[in-house]
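Numbering (this note's numbering), first residue to last: 1 to 438.
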């Protein structure tokens, strides 16, 4: 049976996603004549500048169709070697397969994907990049930068654990991908989609700082929107959790009422009303929506997407400038065509980022409305508290425990009021900076 026949037999039993991965790996496993991908590994890093960017474009099978001089120099290959070679040519064995599973999964879904990647140069040395890979007509386009943020160290630890699981426990790429995402969630990220956005944001900022460059205003604005939205959502989540915990106060009211041989009716009624009103708040559709967390690997909100797209667009703009210089020097040789591809991708991301930011500001306004809705409903709870205070005064001698419950209610209402005030202050500040207040 030939290799092609074997491949067809195997692929007939695989999912579309598994088939794509296998096609890429099978094609990549056969290097161009004269190229070796099994050079002895050297524990030495290939140096390159923080301001340099790698560029490459592949077809749908991962075969390299275009590249820039930085890629050639650092990887150690000539142009004649790189053209038509599989991108797996530079894959380092220290890279967990689960990372590539995540990358292909995102690309298959039409997303641009960001990932830290350790590559192998021709002489066996290594170099790290943060790669952003985007689907384009006929394949994929990748721009890569030198990682320098503190997050990079955390990722290397995550990768080391993933590699150990793959080698020691025999994890499949998909299983490894889920475990990697689990480690990132444990590190504070909602999912892989949220991680790649924050990673690119931090690497972008670290790179700009190292080069004494001012961060792009659009990236600052989108990052500020994302931070404020997270702050507001966290305040509302904590508030909703407090509402749930406050239901214990009504239980304590009922316990106190049971201590009365008579006249327990008013206290029971107050407890019942308070409990019902708190449940109305907690179960309100807008509150439930606030408590909902990201579900899938790639689920992120508009503000986060805008940060990622603007950061990618900034990298694409740098590549456009590079190709423009090549054309000006007369070193065209495909630079004009690649510049058009990159510029089109840059423009698309800028447009999508603008739309995502506008959607994000609308979402912030909605959160402000949600906070106001909660405030009005809590005001109703405050009226019940007043009635309880009156009853506590009447029953002071017979039921001293009510004073303690009133103290708990007072603290609860103070915390809610303070949280809602912080939410409104954050919204007002954000919209004022944007010129949208009023």
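C-beta: ideal position from N, C-alpha, C; glycine also.
Going by beta carbons, residue 44 and residue 122 fall outside the 7 Å limit.
Residue nearest to residue 393 within the set 424, 267 and 379 is 267 (criterion: CA-CA distance). In the DSSP assignment, residue 136 is bridged to 139. DSSP, read as helix, strand or coil, puts residue 432 in helix.
For residue 349, the three-state secondary structure derived from DSSP is helix. DSSP, read as helix, strand or coil, puts residue 283 in coil.
Counted as a single uninterrupted DSSP element, the stretch harbouring residue 40 is not any beta strand (DSSP E), since DSSP gives it neither H nor E. Under the three-state reduction of DSSP, residue 297 is assigned to coil, being neither helix nor strand. Residue pairing by DSSP places residue 120 opposite 126 in a beta bridge.
Here residue 211 really is in contact with residue 50; their C-beta atoms are around 6 Å apart, less than 8 Å. The residues 302, 305 and 306, in chain order, have a CB closer than 6 Å to that of residue 356 in the same chain once the five nearest residues on each side in sequence are set aside. Taking C-alpha positions only, residue 314 is separated from residue 141 by approximately 15 Å. Ranked by Cα distance from residue 412, the first of 101, 382 and 434 is 382. Of the residues 200, 156 and 105, the one whose Cα lies closest to the Cα of residue 177 is 105. The beta carbon of residue 429 sits closer than 8 Å to those of 228, all from its chain and outside the five residues before and after it, given in chain order.
The three-state secondary structure of residue 47, taken from DSSP, is coil. CA-CA distance, residue 166 to residue 364, rounds to 42 Å. Separation of the CB atoms of residue 129 and residue 146 is rounded to 7 Å, and the pair is thereby assigned contact status at 8 Å. Judged by their CB atoms, residue 243 and residue 278 are nearer to each other than the 7 Å cut-off. By the Cβ test, the region 187–207 is not in contact with the region 334–348, since fewer than three Cβ pairs between them sit closer than 8 Å. The alpha carbon of residue 309 has as its nearest neighbour, out of 223, 83 and 139, the alpha carbon of 223. DSSP places residue 54 inside the beta strand (DSSP E), whose first and last residues are 54–59.
Here residue 113 carries a strand assignment [DSSP, helix/strand/coil]. The region 79–87 makes no contact with the region 99–115; the number of CB pairs closer than 8 Å stays below 3.
For residue 65, the uninterrupted beta strand (DSSP E) segment begins and ends at 64–67. In the three-state DSSP reduction, residue 419 falls in the helix class (H, G or I). Counting the other Cβ atoms within 10 Å of the Cβ of residue 370 gives 16 or more, which makes it buried.
Rounded to whole angstroms, the gap between the alpha carbons of residue 170 and residue 181 is 18 Å. If you draw a 10 Å sphere on the C-beta of residue 93, you find fewer than 16 other C-beta atoms in it, and that means exposed. Residue 40 sits exposed, since fewer than 16 C-beta atoms from the chains shown fall within 10 Å of its C-beta. Here residue 319 really is in contact with residue 53; their C-beta atoms are around 6 Å apart, less than 8 Å.
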